[in-house]
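Residue numbers (the numbering used here), protein chains in the order written: chain R, 364 to 771; chain U, 467 to 757; chain P, 1112 to 1345; chain Y, -2 to 607.
Just so it is clear, CB atoms sit at the ideal spot from N, CA and C, and this is done for glycine as well.
Please read all numbers here as calculations on a predicted model, not as lab measurements.
Notes to accompany the following structure.
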Amino acid sequence: MIQTQKLARGLSAVVLATLMATCTGSPTVDRTDASDALDGDPILFGVIAPLTGPVADAGAYVVSGLTIGVGKINAQGGVCGRPLEPIILDGMNDPQESANAAENLITREQVPIIMGAWGSSSTLAVMPVVARHGIPLVVETSSSDKITTPGTPGFDWVHRISPTSAMEAEAMKPYLVDELGMQRVAILSVNNDWGRGAGATFRQAIEEQGGQIVREDYIDQTVTDVLPQLTQINGSGADAIVMTTGAAQIATILKQYTELGMDQLILTTGGSNYPVAIMQLASPEMVNGTYHVMFYVPTEHALAGDPAMSEWYYDTYAENGYPEVGLGESYRGFDAAHVIAQAIELNDCSLDPESLNQALTRVEFAGLSGLVRFSEAHGHQSRPNVYLVRVDNGELAAVAADPPVEQP
Amino acid sequence: MVELVQHLLNGFLIGGIYALMGIGLTLIFGVMNVVNFAHGQFYMLGAFVVYTVFTLAGVPYLLALVVAAMAVGLLGVITERLLLRPIRDQPPDVPMLATIGLSIFLANMALIIWDPTPKDTGLPFPLVGVKVGPLTLTPMRLFVLVAAFVIIAGSHLFLQRSRMGKAIRATFQDREAAALMGVDVDVVNMVTFGWGAAMAALAGGLLAPIFQVFPTMGAIVTAKSFAVVIVGGLGSFPGAILAGLLLGIAESLGAGYVSSGYRDAIAFILIIVVLVVRPTGLLGHETHKLA
Amino acid sequence: MLQMTNVEVYYGSVRALDSVTLHVDEGELVTLIGSNGAGKSTVLKTVSGLTSPRVGTIEFLNQRIDDMSPTEIVRLGIVHCPEGRRVFPDMTVGENLDMGAYTRSDTDDIATDRDRLLERFPILHGRQHQRAGDLSGGQQQMLAIARAVLAQPRLLMLDEPSLGLAPILVEQVADIIRELHASGTTILLNEQNAEMALRLADRTYVLETGRVTLEGASEDLLQNEHVRKSYLGD
Amino acid sequence: MAQPLTRTSRYLLAGLLSAAVLLPYTVSDQFIIRLAIQSGIFILLASAHNILMKVGLLSLGPVAFYGLGAYVSAILTTRYDVPFPVAFFAAGLAATAAGWVIGRLTLRLRTAYFVLVTLGFAECFRLVALNWIDMTNGPMGITAVPPPARWFVGYIPYFYFILLLVVLTLFGLYRMEHSTIGRAMQAIRQNELLAGSIGISGFRYMLLAALLASFIMGLAGSFYAHFFQFLSPEILAFDLTIAIVVMVVAGGRATLMGPVLGAIVFTVLPEVLRVVQVWRMAIFGLLLMLMMLFMPDGIWPALQRLGQRCFERVTGRRTAAVVPSSFGSPSEGFAANGSPPPVPVRVEHEVTPTDRSQTLLTVERLCVHFGGVQAVHMVDFDVKAGEILSIIGPNGAGKTTILNAITRVGPITDGKISHQDALLNGLRSYEVARCGIGRTFQNTSLFPDVSTRQNLVLAHNGLEPESLLLNLLRSDASVQAAKDAEVAADRILERTRLLPYGASLARSLPYGHQRVLELGIALAARPSLLLLDEPAAGLNPPEVSNLMAMIQQIRHEGVTIVLVEHDMKLVMSVSDRIVVLDHGRKIAEGRPEEVRTNQRVVEAYLGKRS
């Protein structure tokens, strides 16, 4: 009893002390070591990614690509002779958490620019915060068209590398019905902004080409049992299934697809699903003959915005011991780091957010996912490459690309 | 029609696992009066242990299941001893919040230990469907269902026949009187919590080859288990089995015919409807009954 | 057999027993009388280990038991039949008896003891598979006593066995206790019905506000002025 | 309880308030202001959730009302261009309406059933927000939710807005706590059954609590939407529910300041824990477990204890102890040495002593069945005004079941129970109590965690009219009601001779005193008919004769009494008439001397030796 009271007192003291610490001192956050070769104060930039929670894996992949990117930049002399250094905060892919992380990065860490925040809801919640403080935001993953719709709070400060679902569907439009023969299509996607957005745009693209959507299912990210949906799809006479969700859930769906002995054509969208990851999570046979929409194909270096860099990236990624399944998502962080570095240099090494925001519109970077450039005309939106990849015997082959490969 | 039968079959298969989860939870609630929010995390840990032992270390699957049950059961015993026993006499929200803390802790420790990447355990039994007429059945799912019911039946026998089982039921009904009969109530609590945790771990281990293994897989399972326990009636074994199957089938039909988006609502709508109509659950008792 | 010496028990900061010294010899029927809140139940709870004394010692068969757990104490042969019947309502009568024999491992003897016991408690006969919670109050009290007896107690402690029972049942309970005593069981009886207790017991302790204020042979106390006034209502 | 604030706490409060008001001018760090605003939102949520805790309910559905408020406000302003003030109140009202519907459906449930059904509702709300795309825009969320007004630029206007809301809410809750309503809520939390028997409707106060809580949560939701300017279904996530519950429980449930402190600590703590990166949530979970282990009643009570100890150490004074100095002797309060003085119990009640021939209560063909068991079968009897009627019979004969049926605590399967001309069958237990029917319970039933005096205050308070507005405004009527309750409590303390124990916690009273206090509680509710369930159980002869005197005294004051009792000495000496039950049926009825010699009664109940 007395022991308990002592401990209770101790614990409350700890809590109070930590409280005081936040109110007076600045929190230390993890800073990846800047290259020792460089002198001068590091140039900080903020990163908001989901490090915990249901999509912590995706956050980890983006951060691994970012780390490789920052390492490469610093090894090549840094930015304006100073090392680049990300301050990474966990947004948990939760709007409120992400917004708090943004506020923290801006007001406490004084970063001039932020990359984030993975999911569209989180990004949309961060946007009013960056707008309030006038800090540019580089978006590497989110796909909601609202992010780059004029009138959304923070629109003026957003620069997005990843394509919207509409851009993706538009790029794939010529192939879906005519080339792949998708006549009666079922959509089975994750019930979030990403899955819903892709579902709507692909439905439109398929219907415009004369195809028909026979069923549309949106499942929670945590759902593991899709037998009911697949049973219905099987009974609906569908000849193809379009899926937009993470690699793990796609693998689960493929397993149950195999269980039911189904034979519909499979197309995954969203650009994050590296087929090798799906193979690892299901089995290579199950992935055979499936199609995937990708923005960067890690094994097809020739198709990348910069083939040599793609090759280097692929090797470095493996050398660093990052899980192979993350390759499909990690390139986003790599490209974003370079975009930020280039913007600072284009801004004559000034870290003034206002002019940095202007400088971003002048960025032209041949990245892993194609040529990244944001112009006012494009609505703060870059236009990455989109590939249609088919898997045969464990090998990835791009059967279509948009735009056709161009050299920078 | 064929689809309907297939839905019923699918629902039955998943319902068996729901029942298994529900029974573990109902046991813990019945004996200890603790609403265990970490139940889904025990399920998650069971899956991770199977992944580590079966997939990484190459131990046979059945043995891996036993290891999972024992390891997580032990964790349950430790949890009872260190976390729940000291706050046994507090109002019920205190142990409830403590298990919520535990669930957050376990999920995030798994994230650190096994990293957030989803894992595939590989298959101990074929997953390729066997056509039975127009229906499809897979050996793996059949094994899961049979195993679930063997575990449930075993637990029931254990509670009804064994000395420890009777002690558990006696403690459930009157803690102090049981102590005066020579029942070591502390041991009963540890066994109960460990047993419940082990059942959750077995469910996780059984489903691991069919699904993926990842740190946040437990959250939804906790919610489903609550639905099973409440709908069946707190503390009721047959109720949990009935409610598990009911939920499995209702979800399959709902997801098939109504809406995928609202599928997870079915569990909660079931809770609401059952409790508004019958406030003690389907087979619940005015006084909680463990039989 | 049982020796309590200078025992003090506290609930929080409240003293429930104040330097209580008492003893029970083999084969005796000893009773505690006193008002509610005088500490009678606390004495039994302290002996059976449900509460522990802050000061003083308790010995049973020359062995210290004041720091033992209830389980260990039951195994030594002290069986406490608690106040308020306390059968396991959702178990059958048979299972309740099984719980009585929880600490015993002599399976065959348990069965014969059980049969013999059912003869002695005809009220339970033929109800083996009935839910204990469905029994009437009197039947439950008999079951509670039978359950305790099946544990083969060396010392049986009965806490308020007549509490809340109809007069006719109080008589039956008294008969049972008398029989148990006659068959050689050592009993420590805690009884609020002082008249019945004094009639049954060899020796009696009077507890008031956590202290033993009087002790002696029951027939002597029956004549005591204070006892007659305070506890017999004369 | 209702003591005014001490001077120290007044200064402390004024200091805290001015510190809060000046915060934006003393702290330049925008991040802290933002956290302060979020703490404000959470203070509203936690304090609202705490209202339910005050009536003893643990809900896992607070986000449903918060989320509903946010969505209503966001949809009204973005889609229908409704001005913010209108949307703000609409959000509160919509949440209140939802609270009313859900409350009516769920408030009859208790314990884990209630906890999980509220969780179910919250999840259903989330799934609707997620899937009703046409209205809520689903997972894509609602963007560009406008600020409350054009001049809401930066954080400072939001800060003062939320500060105003918080101050108003806390002030209202403080007023409520010290009002008739607050006392009734306390009674319900401590002992809902007993509260019902003295005229306090558990259901109605729980519903009131639910309505208040959902209104505040709805407003908080609206504020959130316009502050964040983006709204998605994540606002309804279970994690947020956990956060709110943690704030209340870890802060200190059912205290005023606990949730405030909890909200601040648990808004700031996750931000502090960013230091540890991926370990953040694991450590959060660990801290939560430790907190439950070592501060199960919360941070605020722990701090209070700490503060009190420091105060004592500094001043060398001891604050008044609430526990009695000794365990209490049975003769204190009662007469020592077995010569009880006449017990001057006096009850004031509105009913004038009536003519003995008038029938007060009629029980006709009463049947109560539990499953297949006929606990009471076709029992008829009546109670005449001013008499003492005893009901006796073996255990399980159905005596308590009849009392429960009359007071509507238990079920009636068939038959009619009427009081004067009113039928009691359709009433609820608090309504029966308000007809002037009081009772005691077989197992000691009090409000265990408040003082003896407060027990009586709560009981007297039960019959007062409840008007939230009057209470919040502290009208003359409500102030008078509080005074009356205090006076009445003191009078009963004096008359039951419990005055020396007035400040003791009820649970620490000796058993005999607890039984007297029970009687006092029943009397404080001013009954005209009093049902006593085995009042003498466990009392010794002097105490019983004391009780006998009390019962007779109460009857002299004009209260009719129905007595269920095993102590034949008591029954035979005080009763005017006796009803004998066996196996749920009436086997005899008559004057004591008739019953005593009735052959069936002797066989079934009394035994030959009596």
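In this structure, DSSP gives residue 456 of chain R a state outside helix and strand, which the three-state scheme calls coil. Residues of the region 560 to 593 of chain U that bring their beta carbon within less than 9 Å of a beta carbon in chain R comprise 573, 574, 577, 581, 582, 583, 584, 585, 586, 588, 589, 593, in sequence order. Taking CB atoms only, residue 622 of chain R has a neighbour in chain U less than 8 Å away. Taking the CA atoms as reference points, residue 615 of chain U sits about 56 Å from residue 469 of chain R. Every unbroken stretch of the beta strand (DSSP E) spanning 3 or more residues and falling wholly within the region 542 to 595 of chain R is given here in chain order: 547 to 553, 575 to 582.
The C-beta distance from residue 658 of chain R to residue 749 of chain R rounds to 6 Å, short enough to meet the 8 Å contact threshold. No Cβ of chain U is located within less than 8 Å of the beta carbon of residue 1163 of chain P. Proximity of residue 417 of chain R to chain Y, defined by a Cβ-Cβ separation below 8 Å, is not satisfied.
Residue 581 of chain R reaches chain U at 725, 726, 727, counting residues in chain order whose Cβ is nearer than 9 Å. The C-beta of residue 39 of chain Y has 16 or more other C-beta atoms within 10 Å across all chains shown, which makes the residue buried. Buried is the label assigned to residue 603 of chain R, since at least 16 other Cβ atoms lie within 10 Å of its Cβ.
Chain-ordered, the chain U residues with CB closer than 8 Å to the CB of residue 276 of chain Y read 574, 578. The Cβ atoms of residue 428 of chain R and residue 697 of chain R sit closer than 8 Å to each other. With contacts defined as CB atoms closer than 8 Å, residue 84 of chain Y and residue 219 of chain Y qualify as a contacting pair. According to DSSP, residue 586 of chain Y shares a beta bridge with Y/576. The region 555 to 565 of chain Y and the region 378 to 388 of chain Y touch, with three or more beta-carbon pairs separated by less than 8 Å.
Straight-line measurement puts the Cα of residue 506 of chain R at about 19 Å from the Cα of residue 660 of chain R.
Burial of residue 68 of chain Y is indicated by the presence of at least 16 other C-beta atoms within 10 angstroms of its C-beta.
Of all residues in the region 381 to 394 of chain Y, only 389, 390, 391, 392, 393, 394 place a beta-carbon less than 9 Å from a beta-carbon of chain P. As a beta-bridge residue in DSSP terms, residue 416 of chain Y pairs with Y/358, Y/419.
Interface with chain Y (8 Å Cβ-Cβ cutoff): residue 1342 of chain P is included. In terms of beta-carbon proximity, residue 588 of chain R lines the interface with chain U, with at least one pair separated by less than 8 Å.
Here residue 600 of chain R carries a coil assignment [DSSP, helix/strand/coil]. Selection Y/581, Y/59, Y/561 evaluated against residue 574 of chain Y yields Y/561 as nearest (Cα-Cα).
Residue 34 of chain Y and residue 21 of chain Y do not touch by the CB rule: their CB atoms are close to 10 Å apart, not below 8 Å.
Assignment of residue 227 of chain Y by DSSP, reduced to helix, strand and coil, places it in the coil class. When secondary structure is reduced to three states using DSSP, residue 733 of chain R falls in the strand class. The Cβ of residue 244 of chain Y sits no closer than 8 Å to any Cβ of chain R.
The residues 506, 508, in chain order, have a CB closer than 6 Å to that of residue 527 of chain R in the same chain once the five nearest residues on each side in sequence are set aside.
Cβ contact annotation for residue 545 of chain U (same chain, cutoff 8 Å, sequence separation greater than five): 504, 568, 659, 663, in chain order. As DSSP reads the structure, residue 656 of chain R sits in a beta bridge with R/751.
With respect to the C-alpha of residue 596 of chain U, the residue from R/599, R/590, R/624 having the closest C-alpha is R/624.
Residues of the region 109 to 139 of chain Y with a Cβ closer than 8 Å to any Cβ of chain R, in chain order: 127, 128, 130, 135, 136, 137, 138. Annotation: the continuous beta strand (DSSP E) that includes residue 381 of chain Y extends over 370 to 381. At a cut-off of 8 Å between C-beta atoms, residue 53 of chain Y does not count as an interface residue with respect to chain R. In the same chain as residue 209 of chain Y, and ignoring 5 residues on each side of it, the C-beta atoms closer than 6 Å to its own belong to 48, in chain order.
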